[in-house]
Structures are given as C-alpha cells and as structure tokens.
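Each remark here refers to the structure printed beneath this line.
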Amino acid sequence: MIEYILYTALAGLALLPLLLYLRNPYFLQDLSYAITAIKIGVQLGRFKRQKPFYSILDCFLEKVAKQPQKTFILFEGSSYTYGQADRESNRAARALSTHARLAAGDTVALFLGNEPQFVWTWLALAKLGCTASLLNYNIRSKSLLHCFSCCEAKVLVAGADLREAVEEVLPTLKEQGVRVFLLGEACDVEGIESLSDKIQQASDQPLSPQLRANINLKSPALYIYTSGTTGLPKAALINHERIWMASFLQSIAGMRSDDIIYIYLPLYHSAGFLMGLCGAIEKGTTVVLRRKFSASHFWNDCRKYNVTVIQYIGEIMHYLCNIPQRDNDRDHKVRLALGNGIRADTWADFLQRFGDIRICECYGATEGNIGFVNYIGKVGAIGKEHFLHKMGCPYALIRYNTEKEEPVRDSRGFCIEVPRGETGLLVAKIGKRTPFSGYAKNKQQTEKKKLTDVFVKGDVYFNSGDLLRIDSEGFVYFQDRIGDTFRWKGENVATTEVADHLLMVDCIEEANVYGVKVPGHEGRIGMAALKLKENMDFDDKAAYQQVKNSLPSYARPRFIRLQDSLVVTGTFKQMKVKLAEEGFNPAVIKDRMFYLEDNKGYTPMTQEIFNSIAEGRVRL
Ligand SMILES: *[C@@H]1O[C@H](CO)[C@@H](O)[C@H](O)[C@H]1NC(C)=O
C-alpha cells in the first residue's frame, strides 16, 4: 500500500514538468526570466542600501581594478584598455575641473559624435559628480539652443567636427555666459576654448571619490532628449536608478562578460548609451564603437572584431536584409541581437540569411516607467508579459479613439481596458517603484504624459503613446504610435516641430505634418499638408532652404500636399489619421503634391516618382 502511494507520487512528480509544459510551453523560459528578474531586484536593492552609493562609474572602476588590460573600446583601428580609459577620463576630469571650474551637481552638455572622447568625457563628468546632457549632434541653431538651455548647463563640450554648428549659436551662448570647449587643438575663435591640449597636460592620477560623495540613486545622472510633441525636443531626466535598470536589460537578454558588443547607434540616445555602453560596462565587455551605421561595413566589422552581440533598430535590420547576398553571410560570430522595432517578415528573413542569431526584442521609452522584453524570441513580438513584471509595474492597454486622439471613457469617466487580443493604448501606473521623472524645465510636457483617473479617482498613469496588442499567450505586439510623433530612420519626429519650421516660410499659412507609410520601409516618412496664404503660390525654393537649414534629414517632409483648407476636428485639432492613410499616391490624391528630391529640392510629384518608390527602385 505504502509502495503504491509512493509510486503514484513519484510518477506524479515525473509528470509534473510535462503537465507544466502542456499548460505553458514557455515554462522554463518564464522561470529563467523570473530568476534573472529576482536577482536583478536583489542587486538593485543592495546598490540602494550601499553607502556610499554604488553607481555605474563605481562599477566601471571595479572592472578597471579587476581587468585593467582588457580591451574596453575598439575604434577606427585604435584600441583602449579599461586601464587606459580610466586614465584618459582622469585627465579629462582634471582639465574640466581646472579650466571650467566644475563642481559636483553642475550640468555639462556634450555635443559629440560616437567616439572614444565621448566616453572619456562622460566618465570624467561622473568622476566629478556632474550631470551630462547628451545633445543630439544632428540638431542645429534654434533646436540646439533650446536643448542646451533645457538642462541649464553652464558648460558645453563639443567635438572638433561640430565647430561650425557651435559657431552658429556662439553669440547666444556668450550672452548666457556659457563656457564653450572644443575637443580639438588650438582654436582661434574668441569664446571657444580648446580642450584637447588641456587634457593632454593634465595628470592622469585618480580623482577623489569624495568629489561625488553626495550622489545617490535618485541624483540626476544624464539628460537624454526625446522628441517633443509641441515644438522642441524634451530633456528626459535619467537618474542613477534608471541607468541601472536599463543596463540590466543585457542580463535578461543573456549577455556575458566575454561578449564583444558592436555599438553604432548614437550614444546620445538611450539605446546606444544605456543599453549599449552602460550595459557593456556592467558586464565588463569589449565595445566596438563606430561613428555611424554602414551597411557595407557592418558584417566586415563583425568578422574583423569577432563581434558577438549587436544592437539594432528595425530599420537597420531591414537595410541589412536588403544588401545583396554574399557567400560569407553566415561567416561571423554574432549570437545575440538586442534592440527594438524589427518587423516579423524582416525577422524571419534575417534569421534565414544570417544564421542562428538570438533576437531579443525590447520595448521601452527613454523616459517611460514600463518596458517589455521578448525573452522567448517569438518572431514579431516586442515582449512577453510576466506576472512578476505586472506585479512590479501595473500596466494596462486601454481603449483609444484615434480620431479624437484621446482614451475612451465610460459613463463614470474611467478608462476601459481592452479585452485580450485587442489593440489598446499602453499606460503604466506611476508609483514609488515605477516613477516617471519627467522632462527638465518642462512641466507642461511632463503633465501631458500623465493620465489621471484611469481606473479609480486620483490614480496617475504614464501615457506611453503606443498602441499595443497582447495575445492569449501573453506576447506583446506593437501596433502604432499615436498623436504627434512618427518614427523615421530610428528617430522620433515631432510633427509640431516640423510644422513650426514650415510656418516660417513666407507663403505658408498653415501646416499639418504627419508620417506616411512607404512600401518596403520601416516607420513613416514625413509629409505635410499645407494651406498657402491668399494669392500666393508654393515657393519650393524657400521651403527647401527652410527645411534644409533647420531640420535634420530624417525630419524633413518628403512629400507636400497643398490644400485649400486644412481639416480640423471638433476641438480644432488637426486631422492626421485620415491624411496619413491617404498616403502620397497621386492616383488617389487629387491635391497638388511635391516630392523632396535628395540634395535638390521640391519638385512636382508624379505617378512615375510614386511607382519608382513603390517598386523599390528609389529608396528614401
Ligand atoms: C578573432 O578570433 C580569432 C579566432 O578565435 C582570433 O584568431 C583573432 O585574433 C580574433 N580577432 C580579434 C580582433 O580579436
């Protein structure tokens, strides 16, 4: 009898994994995710309690002590060890401290491309207890000044190649009493001081940790800019806690310390900086740094440097799949790709062509308090739900009215969660453990990202601005972005910022900017519906000059459509959804249209142009 019971129990136990598997085929992966998440939680808790506070810089210094000879950065034929990086940043810190008289708590704006100096300067600022504001190096004039003043920086450090852009805004910076340093040798422009010579002369001895004794988990570490919905970019405040959370993503993705990561995404964005650079420091890996993406160099670089981990955005994967096939397509050591925005069809193409690479798709906004990771590798999904995750960060998909551009509310005024499988707006509860730090000096935009009285009176949620869908197995799919931004070439473009620049053109009375889908391309390309001033014709030259001088290439409206009057909603909001759906096909749209030809200007749109774009003969 006893034996019988024992056997039954044993058989039951043996069957348990099978039963669990039948109930949930992802049981093991879910479990492993849970274990990693718990480990990270414990580690974060330890960092929080540790005195003095353990920052990403301390982590870097620990790696320097442990592996001074290990290669940290490979860049354009040069190689720098962890030890060298430490000494370089000591020099930079001493030069900045002496000549810019920086003290803990000061903010310094970095206006630099992807190069080792970017990393040294940031580390230097961290050593001084300063906050780094990471400016997008594509921006110019008004936007540049705006980003600069957002973070109230008193010092600007610029790359030698960005000198012209700095000179353009120099008079205003001078008025504001800003010190400007250029990472180059002697500079003959009054008001710009050279920094490289000062760095070379400085000592490389370590700096006292006392300098940053007051930094804690909640101290501002960085400002990273995201596109604004009303006009100009917004500076998202990134504190040390946020850096830790983002850099742990690599652990969830399964990155190891012997990996070699290829970073070509801009370091001024959170993908390149937080997930890429900080994640690499956390693991103590080698970074292959590149100025910018190049489809023709990509795989050669991977082979040359034995790269094992790459980062991506959807557009890049698409480019990679579009370069002509080669015999050595599978000759590389890349085993993991981390990123976001890859389309399901590109994903399948990519795996088929480049071999067995684990694609770890992640979702999250720079300033957001919610993220997902597709740790299963399910093609097409941006993440998977996990009950631990939902416990830590309550979120919901709510019903959204795309015409009115607002969430649907029930008779009591509360939002409505969509049934599983339907598309809804992602909102995440703002709380102590899931804070939303908001944007520097921009209360209005900060408030705009908050949604109140969502499920009960007085609750506050972060409005992600993204429409998602979650299927019955818990896989999360990206559907669309709402409202006032669209994504093109991996950059978010704020429609009102583009419209503001268009309105400076004499002939334009009103402008409605939106993104349209282009066959065979990721994201949406810029298009503007314009109403001209009375008795004026479209001045294509003036419009081209304006967009060329004031907007980075990814933000310029590629198509223009002239309308007698712009359609608005009942609340006088511009209608974008319908226009975006209509696209740019002259066979469908009867309005006069223009097309922005690379380096030429606006020319009348024709069916021939449309066809060559639609058939992929012209790539935008
Ligand atoms: C890449 O790996 C190969 C073989 O494992 C090795 O011979 C080569 O030196 C490595 N290259 C670099 C740049 O580390």
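If you're matching positions, the sequence shown starts at 587 in my numbering and goes up one per residue.
Think of the CB as a built atom: it goes at the ideal place given N, C-alpha and C, for glycine as much as any other residue.
Computed from a predicted model, the values in this text were never measured in an experiment.
Inset, instruction - Sort out for me which residues DSSP pairs ALA1014 with in a bridge. - result: TYR981 and PHE1048
Inset, instruction - Consider the C-beta atom of ASN914 and the heavy atoms of ligand 1; say whether any pair is separated by less than 7 Å. - result: Because no heavy atom of ligand 1 lies under 7 Å away, the Cβ of ASN914 does not count as near it: no.
Legend entry - Proximity below 8 Å, CB of ALA686 to CB of PHE633: The Cβ atoms of ALA686 and PHE633 do not sit closer than 8 Å to each other.
Inset, instruction - Determine, using beta-carbon pairs with one atom in the segment 1170-1182 and one in the segment 1193-1200, whether at least three such pairs fall under 8 Å. - result: yes
Legend entry - Boundaries of the beta strand (DSSP E) in which GLY794 is found, first to last residue: For the sequence presented, residue 794 should be read as Ser rather than Gly. Careful: SER794 lies outside any beta strand (DSSP E) and carries neither H nor E.
Legend entry - As assigned by DSSP and simplified to three states, the class of ASN987: Here ASN987 sits in strand by DSSP.
Inset, instruction - Could you say if the segment 639-652 and the segment 694-712 meet the contact criterion of at least three C-beta pairs nearer than 8 Å? - result: yes
Inset, instruction - Could you work out which residue in LEU1088, TYR1063, LYS1043 and TYR1100 is closest to THR1071 when comparing CA atoms only? - result: Proximity to THR1071 across LEU1088, TYR1063, LYS1043 and TYR1100 peaks at TYR1100, based on C-alpha coordinates.
Legend entry - Member of LEU1011, PHE1000, ASN724 and ALA1080 whose CA lies at the smallest distance from the CA of GLN1031: ALA1080
Legend entry - Alpha-carbon spacing of ARG912 relative to PHE940, whole angstroms: 10 Å
Inset, instruction - Give the straight-line distance between the Cα atoms of TYR1047 and LYS652, rounded to the nearest whole angstrom. - result: 43 Å
Inset, instruction - Let me know the secondary structure DSSP gives ARG673 once reduced to three states. - result: helix
Legend entry - One or two residues paired with CYS733 in a DSSP bridge: The partner list for CYS733 (beta bridge, DSSP) is empty, contrary to what the question assumes.
Inset, instruction - Identify every residue that forms a DSSP beta bridge with ASP1066. - result: Among the bridge pairs identified by DSSP, ASP1066 is matched with LEU1053.
Inset, instruction - For PRO1207, name the three-state secondary structure that DSSP assigns. - result: Outside the modelled stretch of the chain, which goes from 587 to 1206, sits residue 1207, for which no answer is possible.
Inset, instruction - State the Cα-Cα distance for the pair LYS878 and PHE1022, rounded to the nearest angstrom. - result: Taken atom to atom, the span from the alpha-carbon of LYS878 to that of PHE1022 is near 31 Å.
Legend entry - Simplified DSSP state of GLY865, which is helix, strand or coil: helix
Inset, instruction - With a threshold of 16 other CB atoms inside 10 Å of the CB of SER903, please say whether the residue is buried or exposed. - result: The sequence as given places Met at residue 903; Ser does not occur at that position. When all chains shown are included, MET903 counts as buried.
Legend entry - Residues of its chain near ALA1026, where Cβ-Cβ distance is below 7 Å and the 5 sequence neighbours each way are ignored: CYS736, CYS737, TYR809, ALA821 and LEU823
Legend entry - Start-end ranges of the alpha helix (DSSP H) lying completely within the segment 814-879, minimum 4 residues: Those alpha helix (DSSP H) runs which fall completely within the segment 814-879 and span 4+ residues are 826-833, 835-839 and 865-869.
Inset, instruction - For the segment 876-892 and the segment 857-864, state whether three or more C-beta atom pairs, one from each stretch, are separated by less than 8 Å. - result: No: fewer than three Cβ pairs fall under 8 Å.
Inset, instruction - Could you tell me whether the Cβ of SER882 comes closer than 8 Å to any Cβ of chain B? - result: Here there is only one protein chain, and chain B is not present.
Inset, instruction - Below 8 Å on the Cβ atoms is my guess for LEU781 versus VAL743; work out the distance and round it to an integer in Å. - result: Confirmed, about 7 Å.
Legend entry - THR815 to ASP1086 span [Cα, whole Å]: Residue placement at THR815 is poorly supported in this model, since its pLDDT is 49, which falls under 50; the coordinates still yield a value, given next. Each residue's alpha carbon lies about 11 Å from the other.
Inset, instruction - Compare the beta carbon distance of GLY699 and GLY745 with 8 Å and say whether it is the shorter of the two. - result: Yes, Cβ-Cβ distance for GLY699 and GLY745 is below 8 Å.
Inset, instruction - Work out the CA separation of ASP917 and VAL1013 for me, nearest whole Å. - result: Roughly 43 Å between the two C-alpha positions.
Inset, instruction - Using three-state DSSP, classify GLY999 as helix, strand or coil. - result: coil
Legend entry - Short Cβ contact (8 Å threshold) for ARG726 with GLU754: yes
Legend entry - Spatially closest choice to ARG998 from ASP1150, ASP1039, GLU971 and ASP1126, by CA coordinates: ASP1039
Inset, instruction - Confirm the yes/no value for this check: CB of TYR668, any heavy atom of ligand 1, distance under 7 Å. - result: no
Inset, instruction - Would you grab the beta carbon distance between LEU853 and LEU660 for me? Rounded to a whole angstrom, and I think it's under 8 Å. - result: With a Cβ gap of about 15 Å, LEU853 and LEU660 do not count as contacting.
Legend entry - Cut-off 8 Å between Cβ atoms - residues of its own chain near ALA620, not counting five sequence neighbours on either side: HIS972 and LEU974
Legend entry - Rounded straight-line distance, which links the Cα of GLU1167 to that of VAL1102: 7 Å
Legend entry - For CYS888, the three-state DSSP class (helix, strand or coil): helix
Inset, instruction - Evaluate the contact criterion for the segment 749-764 versus the segment 838-846: three or more CB pairs, one atom per stretch, below 8 Å. - result: no
Inset, instruction - Report whether the distance from the Cβ of TYR891 to the nearest heavy atom of ligand 1 is below 7 Å. - result: yes
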